[in-house]
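Participant: Chains as they are written, first to last, in our numbering: chain P, 33 to 335; chain F, -17 to 530.
What follows is a structure written as structure tokens; I'll ask about it next.
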């Protein structure tokens, strides 16, 4: 079966700015694909090309076996989209917008719509101008998730949602995935992509720099650990899965900083037993840190 | 800092000075945003006035020649109603600027309305006021900054206009009084727009409300000037547009009228400040009511959506059109009353009572045609507005094609214009036929209304082309073209511009009906141009990137 999305060598420039620079991306049927990158990397531009809102300068784009620029009406019946920045009509209610978008797609599944309104705790009788950013986001989410689209394009779908609603969103995504829907989910938050995605592509300066399953990208998901100890255990740097160990004096003891692969955390904790740990913090790496660490050559080149 | 401990209720009446904090910074911000737009508009106004004056000053060198031409103009009731009469036939300035006095003052008022809305409600609607309001900015500062900038621009406009008129050969005191006659109406509508910006919750609503008051004010003075034997001339004092006439520029100016305008504007501004204190940021005076949880049946596609979005705008225009054409129609029956012995030969030359009535009707409808073209441009520009607001993105990601989306807006623009022509036609024909007792007017008015549509369609076509090919500049280009065509028709002949230049305006090709023989080739030509422009625009819009 051919992939749902197949992009090869896609380029797009706005004047002198090269937004997409020979980008390749493949999304297989039935997977949730995380599309990760810092702000301004080209995520939204890629989605807009996939929607036929922007015209590609070069390269080949196939989506659901169609040409996104030519086959707008037939293609869009099969997909749904949540824009990154949801703008609503000031004098239309959220319910009206959800129905309008549903009817443009061919019909509204009322039970599904009402259930989603309930779960996202959204009041559909408010006018567009009265909604907060998070509630505008919910309007677009309900409109997209209530459809029976086989492909969902979600551009930073949880921006503006509170943690409770993020959890609801994750559940709904899991349900839609179980029903067989394919999703491309853009984000600049690594943990969000980790929680939802089967595979991840990382985009930077308009090109995909890493792509694979989370296991394949394990080296990107190390946790940063800082421990204050009385004595530094010997051979800490040799523990498998522990990287970049640095030791500096701290008070009467020492402060150890290191990075550890997620599956090696238990080993590290064992190794620290008896070291007299009196302070410990752990932090998942932010995407920006990852980029700084893994693509610093690239960064230096840009500068 | 003592105010921070007060209760919320008393905090709203905190030291007045604190409420102006930050005004200076906002003034500089507004000036920077307006550094291109406002100079261009001021230039257009100054050049229109100076150009008209310069072109006519040499034509009527003697007082007798001026009295004669003024008698001709005053004897034509359509001129008196549409532009206002020449109050002092001996005055060079009044004779040469009669088209620019009441009409010019109303356009200055419109400029004030647009500028106030741009710097108050539009800023608030887009959330920029919120961004600034969180900084050290007093509650009254945004409105104050807008008023300072707009009033300042109007004063500069008055002085530049006076200077331009002196340069065109008119006397200094008279020129200054004419500049001030524009300022009078401009200041009044600055105040009115300031209040409208508090009452309405969108910038579109603000402009609609204030421009509606402006239209009403113009109508009141048209009724005053169009009344037979000047019976109702006192009504002018009820209209801020009439005030500019009552200043009697170039003829023993009544400087006190400037004081009247300043007092009126100050009262309006005080009301606006009071309203600012009584409403929330982002809200209008009327609270938002909850709407329906589900979409009504007719909101099911692009056409339903566009109809819904333009509904209020169209209803406002239709009310104005009905009122305008009713009043104008009623004036036709009084035309005989205007004719005195001086203008009798002119009257006969035009074809007597019948010819004059036809000419009046034709002049009225060519102006209505231009107005409705403005409606079509404003309505079609929503196609671009939806795109720049980011709302088109979600729609075009659905199975909606760009063809249908653009067609829906085009239908709203042209369908709305047709609806307005029908409304104005029915009300105009009814009141004219009733006032004159002649049912032949129904046919004549139908013809006069019908011939306006092709030129309106050409304007819509040009707007669509602008949206398709220069989206970022579409608003400026569309309104710029509209203004240029309007001015070509109004003052182009005065400036003795070459025919080919006057013919650039689509309005120049609309036959003057009733009276003139309608040429099918002429109307067909306009229709062909409109169709070609629309086709080019649709293809261009389909083929370009969507731009935020």
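Even glycine gets a Cβ: it sits at the ideal position worked out from N, Cα and C.
Going by CA-CA distance only, name the one from 172/P, 96/P, 120/P and 123/P that's closest to residue 111/P.
Facilitator: The option with the nearest alpha carbon to residue 111/P is 96/P.
Participant: Taking buried to mean at least 16 other C-beta atoms within 10 Å of its own C-beta, is residue 196/P buried or exposed?
Facilitator: That one is exposed.
Participant: Should the region 266 to 280 of chain F be called in touch with the region 367 to 384 of chain F, which here means at least 3 C-beta pairs below 8 Å?
Facilitator: The answer is no - the region 367 to 384 of chain F does not touch the region 266 to 280 of chain F, with fewer than three Cβ pairs under 8 Å.
Participant: Using a C-beta cutoff of 8 Å, does residue 103/F count as contacting chain P?
Facilitator: No, because no Cβ of chain P sits closer than 8 Å to the Cβ of residue 103/F.
Participant: Could you check how far apart the C-beta atoms of residue 300/P and residue 257/P are, in whole angstroms? I think they sit under 8 Å.
Facilitator: Sure, about 7 Å apart at Cβ, within 8 Å.
Participant: For residue 21/F, count the other beta carbons within 10 Å of its own beta carbon; 16 or more makes it buried, fewer makes it exposed. Which is it?
Facilitator: Classification of residue 21/F: exposed, given that the 10 Å Cβ count is below 16.
Participant: Could you please tell me which residues of the region 112 to 132 of chain P, in chain order, have their CB closer than 9 Å to any CB of chain F?
Facilitator: Result list: 112, 113, 114, 115, 117, 118, 119, 120, 121, 122, 123, 124, 125, 126, 127, 128, 129, 130, 131 and 132.
Participant: What does residue 375/F touch in chain P if you count any residue whose Cβ is under 7 Å from its own?
Facilitator: Within chain P, the residues near residue 375/F are 85 and 115.
Participant: Could you name each continuous beta strand (DSSP E) segment of 3 residues or more that falls completely within the region 144 to 214 of chain P, going from the start of the chain to the end?
Facilitator: Correct list: 183 to 187.
Participant: Do you know how far the Cα of residue 137/P is from the Cα of residue 505/F?
Facilitator: About 41 Å.
Participant: Does chain P have any CB closer than 8 Å to the CB of residue 380/F?
Facilitator: Yes, because at least one Cβ of chain P sits closer than 8 Å to the Cβ of residue 380/F.
Participant: Looking only at its chain, what residues have a beta carbon closer than 8 Å to the beta carbon of residue 65/F, apart from the 5 residues adjacent to it on each side?
Facilitator: Excluding residues within five positions, the ones whose Cβ falls inside 8 Å are 80, 81, 83, 84 and 85.
Participant: Quick check on DSSP: helix, strand or coil for residue 518/F?
Facilitator: If DSSP states are grouped into helix, strand and coil, residue 518/F belongs with the helices.
Participant: Exposed or buried, what is residue 263/P when buried is set at 16 or more other beta-carbons lying within 10 Å of its beta-carbon?
Facilitator: The residue is exposed, with fewer than 16 neighbouring Cβ atoms inside 10 Å.
Participant: Please go through the same chain and pick out, in chain order, the residues whose beta-carbon is closer than 8 Å to the beta-carbon of residue 521/F, but skip the five residues on each side of it.
Facilitator: Contacts found: 450.
Participant: Starting from residue 44/P, trace the alpha helix (DSSP H) both ways and give me its first and last residue.
Facilitator: Note, residue 44/P: premise wrong, no alpha helix (DSSP H); beta strand (DSSP E) at 37 to 46.
Participant: Nearest by alpha-carbon distance to residue 265/P: which of 93/P, 214/P and 288/P is it?
Facilitator: With distances taken between Cα atoms, residue 265/P lies closest to 288/P.
Participant: Who are residue 278/F's beta bridge partners in DSSP?
Facilitator: Residue 278/F pairs with nothing; no bridge assigned.
Participant: Going straight from the alpha carbon of residue 499/F to that of residue 511/F, what length do you get?
Facilitator: Near 21 Å, if we compare the C-alpha coordinates of residue 511/F and residue 499/F.
Participant: With the cut-off set at 8 Å, would you say residue 254/F and residue 225/F are in Cβ contact?
Facilitator: Contact: no.
Participant: List the residues of chain F that residue 278/P touches, going by C-beta distances under 9 Å, in chain order.
Facilitator: Under the 9 Å cutoff, chain F gives no residues; its nearest Cβ is about 41 Å from residue 278/P.
Participant: Assuming residue 309/F contacts residue 229/F (C-beta within less than 8 Å), just tell me the rounded distance between them.
Facilitator: Actually they do not touch by this definition, with Cβ atoms about 24 Å apart.
Participant: Could you check what DSSP says for residue -5/F in three-state terms: helix, strand or coil?
Facilitator: Its pLDDT being 48, under 50, residue -5/F is placed unreliably in this model, and the value from its coordinates should be taken loosely. In this structure, residue -5/F counts as coil in the three-state DSSP scheme.
Participant: Does DSSP classify residue 57/P as helix, strand or coil?
Facilitator: Residue 57/P falls in the strand class under three-state DSSP.
Participant: Figure out for me which residue from 46/P, 65/P, 107/P and 37/P has the closest Cα to the Cα of residue 215/P.
Facilitator: Considering only alpha carbons, the answer is 65/P.
Participant: Beta-carbon separation of residue 462/F and residue 490/F under 8 Å?
Facilitator: It is not a contact, given that the beta carbons lie outside the stated cut-off.
Participant: Tell me whether the beta-carbon of residue 220/P lies closer than 8 Å to the beta-carbon of residue 70/P.
Facilitator: Yes; because the gap between Cβ atoms is below 8 Å, this pair is in contact.
Participant: For a contact defined as C-beta to C-beta under 7 Å, what are the partners of residue 156/P on chain F?
Facilitator: The contacting residues are 275.
Participant: Checking the sheet assignment: what are the DSSP bridge partners for residue 113/P?
Facilitator: Bridge partners of residue 113/P: 185/P.
Participant: Compare the beta carbon distance of residue 238/P and residue 47/P with 8 Å and say whether it is the shorter of the two.
Facilitator: Cβ distance not < 8 Å, so residue 238/P and residue 47/P don't count as in contact.
Participant: Which residues of chain F have a Cβ atom closer than 7 Å to the Cβ of residue 147/P, listed in chain order?
Facilitator: The premise fails here: residue 147/P is roughly 14 Å from chain F at the closest Cβ pair, so nothing lies under 7 Å.
Participant: Taking 8 Å as the CB-CB limit, is residue -14/F close to chain P?
Facilitator: The predicted model places residue -14/F with a pLDDT of 40, which falls under 50 and marks its position as unreliable, so this point remains unresolved.
Participant: Could you check how far apart the C-beta atoms of residue 88/P and residue 42/P are, in whole angstroms? I think they sit under 8 Å.
Facilitator: Between residue 42/P and residue 88/P the Cβ distance is about 6 Å, and since that is below 8 Å, they are a contact.
Participant: Quick one: does residue 109/P have its CB under 8 Å from some CB of chain F?
Facilitator: Residue 109/P counts as touching chain F.
Participant: Give me the chain F residues within the contact set of residue 104/P, using Cβ-Cβ distance strictly less than 7 Å, ordered along the chain.
Facilitator: The contacting residues are 383.
Participant: With H, G and I counted as helix, E and B as strand and the rest as coil, what does DSSP make of residue 245/P?
Facilitator: In the structure shown, residue 245/P sits in a strand (DSSP, three-state: E or B).
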